Structure formats: structure tokens, C-alpha cells
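>
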Amino acid sequence: MRSAWLAAGVVVVANAIAIVPAERERAAPVGEFTLQVCSDQVVGGWRDGDLPMLYLPLAAHMGGLDDMVDDATLAALGFSADARAVVGDTTREDRAWPMPRMAWLAMRQQPDSSRMLEVVRVAPTREALAPGAGELAMRGLIGFEWVWEPPPSGADSATVAEVGRRPQRIGAGVVRLLPPQLGLDREQAGRLQSLRDDAVGPCQRTVPVRLLMGKRGGVWVSPAH
5 MRSAWLAAGV
15 VVVANAIAIV
25 PAERERAAPV
35 GEFTLQVCSD
45 QVVGGWRDGD
55 LPMLYLPLAA
65 HMGGLDDMVD
75 DATLAALGFS
85 ADARAVVGDT
95 TREDRAWPMP
105 RMAWLAMRQQ
115 PDSSRMLEVV
125 RVAPTREALA
135 PGAGELAMRG
145 LIGFEWVWEP
155 PPSGADSATV
165 AEVGRRPQRI
175 GAGVVRLLPP
185 QLGLDREQAG
195 RLQSLRDDAV
205 GPCQRTVPVR
215 LLMGKRGGVW
225 VSPAH
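So in our numbering, the last one in the sequence shown is 229, and the numbering has no gaps at all.
#1: Less than 8 Å between C-beta atoms, sequence neighbours within five positions excluded: which residues of the same chain meet that for Met120?
#2: In chain order, which continuous runs of the beta strand (DSSP E) of length 3 or greater are located wholly inside the segment 106-146?
#3: Gly177 and Gly68 look like a contact to me (Cβ under 8 Å); what is the Cβ gap, rounded to whole Å?
#4: Taking the alpha helix (DSSP H) that Arg190 falls in, what are its first and last residues?
#5: Return the CA-CA distance between Arg125 and Gly194, expressed in angstroms with no decimal places.
#6: Is Thr77 buried or exposed, if buried means 16 or more other CB atoms sit within 10 Å of its CB?
#7: Quick check on the DSSP output: the beta strand (DSSP E) that includes Arg180 runs from which residue to which?
#8: Which of helix, strand or coil does DSSP assign to Gln208?
#9: Between which two residues does the beta strand (DSSP E) harbouring Leu58 extend?
#10: Do Arg214 and Thr29 come within 8 Å of each other at the CB atom, strictly closer than that value?
#11: If you drop the 5 nearest sequence neighbours on each side, which residues of the same chain put their C-beta closer than 8 Å to that of Ala20?
#12: Suppose the cutoff is 7 Å on Cβ atoms and the five residues either side in sequence are ignored; what does the same chain contact list for Asp54 look like?
#13: To the nearest angstrom, report how far apart Arg180 and Gly158 are at their CA atoms.
#14: If you measure between the beta carbons of Gly225 and Leu58, is that distance less than 8 Å?
#15: Short check: CB of Ala79 to CB of Trp108, under 8 Å?
#16: When the Cα atoms are used, what is the spatial distance from Trp152 to Leu145?
#17: What residue range does the alpha helix (DSSP H) around Thr77 cover?
#18: So the candidates are Arg96, Ser161 and Ser117; which of them puts its Cα closest to the Cα of Gln40?
#19: Could you tell me if Gly222 is buried or exposed, where buried requires 16 or more neighbouring beta carbons within 10 angstroms of its beta carbon?
As C-alpha cells, this is what we get:
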């Protein structure tokens, strides 16, 4: 019984250690970003009193992030030389990828109907990222994945087909945003509830949602004033 109480006490202390810095971060946001939210980005909830979550849709890069995450950047993120050597491999059969590493991401929302978030820069720290106006700065996990080489711009059908026959290669990519979705309180969820009626088509209508950013990587929906 005593060990159970000690374990419970450890959990309480750990939660307190995590909550206090988060509250301090929220008390002093360092940036804001307006996300145009459509029905595809409001997930779960709506029933039995559960509140939905705001999903952050990340655009996939067909050719990976090699133009933004070169070998020097991978090294700065903490990947070893052996881990970095898998980039470009087309023969690796096993799925024992090197463990992902945390990075800072600068993202912009695409203006088309999909409203995806597109990564425009990657850096090991927020200071190195230097987020600008109109950019959402948050953390994510950079790892390795199979990627297709995109065909050249304006390529004819024969070239596209030839590129499609090439073996996949391993490239760097974002395997997870931190966090991938944001919590909503009851008032915030109520403002987005009308988007349920737009489920007949992708992002037929959007509602602007103001996000706040903290210096330690926290991102949250701004409370109503």
C-alpha cells in the first residue's frame, strides 16, 4: 500500500512540474497566428458532452524535406552520422528507422481549399528559426520516411511515368507535430460547431481561429475576450 501511495505522489509531483511551466508560458505568449479552420479540422466531440479538438493539418512534401533539412541541419538536431547515412537509400528493407528528433518548424497555411499547413523552415531552436509575420512556429518530430521523387515542373507524361518507376528513397520529413491537435473549451467549440453543416465538401467554409504561441513551443487557442 505504501508503494502505491508513493507512486501516486510521484505522479502528482510530475504533473505539477509539467503544469506550472505551461501556465507561465500561456501567461506570456510570444506570437500569434490566425488559422482558417474548416470542417475537416474539427475532430471528435459533439456527442455525450465531449468537446472536439482542433486538428492541425500538415501538408505532405512529396520529395521529403531535403531542401530544408540538409545534412548539417540533421546533425544540429542531434542525428548521428550513421543515422544521417540512411538519407537517399533506396534499398533499405527493414523499418528500424533512427529515432526521430525534436525540431522547430515555421509553417504557413496554404491558400487553396485544403488549408494545409506547409513547412517552410526547420531549425534546432526557436531563435535559429526566427519566425516571421504570418508564420506558425511550433515544435515537431523530424524523422525518416520513404518519399517519392517529384517529376520536374512541366514534365510530359512520359517523364512523369519514368519518375514513377524509380525506387523510393529515404528522406527526412515531419513525422509528428507537437502537439498534433489543440484542445477547445466549450465557448471555442461553440464557435466552430456550425462547420459541421459543411461536411458535404472539403473546406467549403472557414472560420478564423486565433492561435497563441509560447517561447517553449506551446500552441493554444486564444481565449475569447
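The C-beta atom is built at its ideal place from N, Cα and C for all residues, glycine as well. As the structure is a computational prediction, the values presented were derived from the model and not from experiment.
In terms of the structure at hand:
#1: Pro61, Leu62, Ala63, Gln113 and Gln114
#2: 121-127
#3: 5 Å
#4: Arg190 to Leu196
#5: 34 Å
#6: buried
#7: Arg173 to Leu182
#8: coil
#9: Met57 to Tyr59
#10: It is worth fixing the name first, because residue 29 is Glu in this sequence and not Thr. Not closer than 8 Å, so no.
#11: Below a pLDDT of 50, predicted positions are generally treated as unreliable, and Ala20, at 35, falls in that range; no measurement from the model is reported.
#12: Gly48
#13: 31 Å
#14: A quick correction: the sequence has Val, not Gly, at residue 225. It is a contact, given that the beta carbons lie within the stated cut-off.
#15: no
#16: 20 Å
#17: Asp75 to Ala80
#18: Ser117
#19: buried
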